[in-house]
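Engineer:
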Amino acid sequence: SLGSKTTGLLVACYDGYVDIVVLLASCPFLDVNHVDNEGQSALIHATQAGFITITNYLINYYPGLDLEQRNKLGFSALMLAAMQGRSECVIALLLAGADIDAVDTCRGLNAREWALHTGRWETTCALRRLLERPQPSQLYASYKPDWPQLAARVAEATVPQTCTQKLARYLCSALTIRFPQDPQPGGVLDHFVLTTTSLSGPFLSTACRTLCPNSPPAVGTRSVSVPEMQEQHSQQNKQHQQVYRESDPHATFMPPSVRAVHCTISLPTTMLHHGRVSPGIDPPQLMVTQASSQAHRRSRLRRYLGVKDRHLLQVPVKWNVKEVQKQ
Numbered sequence: 105s106l107g108s109k110t111t112g113l114l115v116a117c118y119d120g121y122v123d124i125v126v127l128l129a130s131c132p133f134l135d136v137n138h139v140d141n142e143g144q145s146a147l148i149h150a151t152q153a154g155f156i157t158i159t160n161y162l163i164n165y166y167p168g169l170d171l172e173q174r175n176k177l178g179f180s181a182l183m184l185a186a187m188q189g190r191s192e193c194v195i196a197l198l199l200a201g202a203d204i205d206a207v208d209t210c211r212g213l214n215a216r217e218w219a220l221h222t223g224r225w226e227t228t229c230a231l232r233r234l235l236e237r238p239q240p241s242q243l244y245a246s247y248k249p250d251w252p253q254l255a256a257r258v259a260e261a262t263v264p265q266t267c268t269q270k271l272a273r274y275l276c277s278a279l280t281i282r283f284p285q286d287p288q289p290g291g292v293l294d295h296f297v298l299t300t301t302s303l304s305g306p307f308l309s310t311a312c313r314t315l316c317p318n319s320p321p322a323v324g325t326r327s328v329s330v331p332e333m334q335e336q337h338s339q340q341n342k343q344h345q346q347v348y349r350e351s352d353p354h355a356t357f358m359p360p361s362v363r364a365v366h367c368t369i370s371l372p373t374t375m376l377h378h379g380r381v382s383p384g385i386d387p388p389q390l391m392v393t394q395a396s397s398q399a400h401r402r403s404r405l406r407r408y409l410g411v412k413d414r415h416l417l418q419v420p421v422k423w424n425v426k427e428v429q430k431q
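Quick note: the sequence shown uses my numbering, first residue 105, plus one each step.
1) Would you check if the distance between the CB atom of residue 202 and the CB atom of residue 182 is smaller than 8 Å?
2) Which of the three DSSP states is assigned to residue 176 in this structure?
3) Should residue 230 be labelled buried (16 or more other beta-carbon atoms within 10 Å of its own) or exposed?
4) Inspect the CB distances between the segment 207-227 and the segment 250-259 and report whether three or more fall short of 8 Å.
5) Using three-state DSSP, classify residue 138 as helix, strand or coil.
6) Would you call the segment 143-161 and the segment 192-199 in contact, with 3 or more CB pairs under 8 Å?
7) For residue 175, which residues in the same chain have their Cβ closer than 7 Å to its Cβ, ignoring the five residues on either side in sequence?
8) Note down the Cα distance separating residue 124 from residue 139, rounded to an integer number of angstroms.
9) For the segment 287-296 and the segment 155-168, state whether three or more C-beta atom pairs, one from each stretch, are separated by less than 8 Å.
10) Where residue 337 and residue 228 are concerned, what is the direct C-alpha to C-alpha distance, given to the nearest angstrom?
11) Are there 16 or more other CB atoms within 10 angstroms of the CB of residue 186, so buried, or fewer, so exposed?
12) Cβ of residue 333 within 8 Å of Cβ of residue 315?
13) DSSP on residue 117, reduced to helix/strand/coil?
14) Sorted by chain position, which residues of the same chain lie with C-beta nearer than 7 Å to residue 383's C-beta, five sequence neighbours on each side aside?
15) Work out the CA separation of residue 268 and residue 296 for me, nearest whole Å.
16) For residue 210, collect the residues of the same chain with a Cβ closer than 7 Å to its Cβ; drop the 5 residues on either side in sequence, then sort them by chain order.
17) Tell me whether residue 292 sits in a helix, a strand or coil according to DSSP, three-state version.
18) Taking residue 318 as the reference, give the member of 283, 292, 239, 280 with the closest Cα.
This is the structure:
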């Protein structure tokens, strides 16, 4: 729209049309930093509305995205997300490299101060937890899934106790009122999350292939989009191929991307599609219930009594679905 400067990408990000955002990523003439009359970009619309899927897709698949772009009031996408209490969008922007110390032009407050000023307590707690651990250690290739407290916990549990100590421990555990609380840093749940989300874990290792295992997202570090990363990786493959041909001109070079495709051919198709974004219709939820033992026995007895010639091979039962529906 020429009058309002509104594009299809802005409308899709404002209304939450994920499929349209995915399709527009393949358009080479699209300006992802285009703004409307109020100075709102596609990223600002998505983060302000709390569409985390669209926000992640803009960050990862739209090269040249400006994270620090301001609207006419001087607010960035990070500040607006903190004002609205969009904790997931705030974390995604910070891990993508947004500046947490940037201030607006009106009051001179940064994103954390705006979250406190507007009473967004959950967003403030999420910012505090993220700044305590700005780099996800489990996404490094050198991460080892070892729990440091395991040896001490095992030694404590295997210490022999007297009957009095066992009785006191049982009474304390029985009479203690347990209130819900946050997971402890370095505890069992924290270690479980780190192990399952690591590069060597069963989820990431079977679902996708990491091109840059030594440069995971971190607070204050600008992340590279997937198209730019693939272009850099293809250039590295061409350089390796040229060096390999110069050393042995009669041999065939297979780049790592092709080797990964050959390695994943034996995987099921459901496992292969996990590495891409497919925001289509949600798969249906199936609920399986088991019949009671008495109903199963009655059905078997009914089938047994209804058969006349039991010594002969029986024809399979025909399902009269239409007759049952009419009844």
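Virtual Cβ for every residue (Gly too), placed ideally from N, Cα, C. Small disclaimer: the values here were computed from a predicted structure and weren't measured.
Structural biologist: Quick look at the numbers:
1) By one-based count along the sequence shown, residue 202 stands at place 98. By one-based count along the sequence shown, residue 182 stands at place 78. Cβ distance < 8 Å, so residue 202 and residue 182 count as in contact.
2) Sequence index remark: in the sequence shown, residue 176 carries index 72 (1-based). Residue state, collapsed to three classes: coil.
3) Indexing the sequence shown from 1 puts residue 230 at position 126. Buried, by the Cβ-count rule.
4) no
5) Here residue 138 is taken as the residue at index 34 of the sequence shown, counted from 1. Note: residue 138 maps to coil in three-state DSSP.
6) yes
7) Along the sequence shown, one-based indexing puts residue 175 at 71. The residues are 142, 143, 144, 148.
8) For this step, residue 124 is matched to residue 20 along the sequence shown. For this step, residue 139 is matched to residue 35 along the sequence shown. Computed Cα separation, rounded: 18 Å.
9) Between the segment 287-296 and the segment 155-168 there are fewer than three C-beta pairs closer than 8 Å, too few to call the two in contact.
10) Translated into positions along the sequence shown, residue 337 becomes position 233. Translated into positions along the sequence shown, residue 228 becomes position 124. Between residue 337 and residue 228, the C-alpha separation is close to 38 Å.
11) Counting from one through the sequence shown, the residue named residue 186 turns up at place 82. It counts as buried.
12) Looking up residue 333 in the sequence shown gives position 229. Looking up residue 315 in the sequence shown gives position 211. Their beta carbons are under 8 Å apart, which means residue 333 touches residue 315 by this criterion.
13) Here residue 117 corresponds to residue number 13 of the sequence shown, with the count starting at 1. Helix.
14) As a position in the sequence shown, residue 383 is number 279, starting the count at 1. Reliability of the predicted coordinates at residue 383 is poor, the pLDDT of 44 falling under 50, and no value is obtained from them.
15) As a position in the sequence shown, residue 296 is number 192, starting the count at 1. As a position in the sequence shown, residue 268 is number 164, starting the count at 1. Between the alpha carbons of residue 296 and residue 268 lies a gap of roughly 34 Å.
16) The sequence position of residue 210 within the sequence shown is 106, counting from 1. Closer than 7 Å at Cβ, skipping near neighbours: 177, 178.
17) Residue numbering aside, residue 292 sits at position 188 when the sequence shown is read from its first letter. Reduced to three states, the DSSP call for residue 292 is helix.
18) The sequence position of residue 318 within the sequence shown is 214, counting from 1. The option with the nearest alpha carbon to residue 318 is 239.
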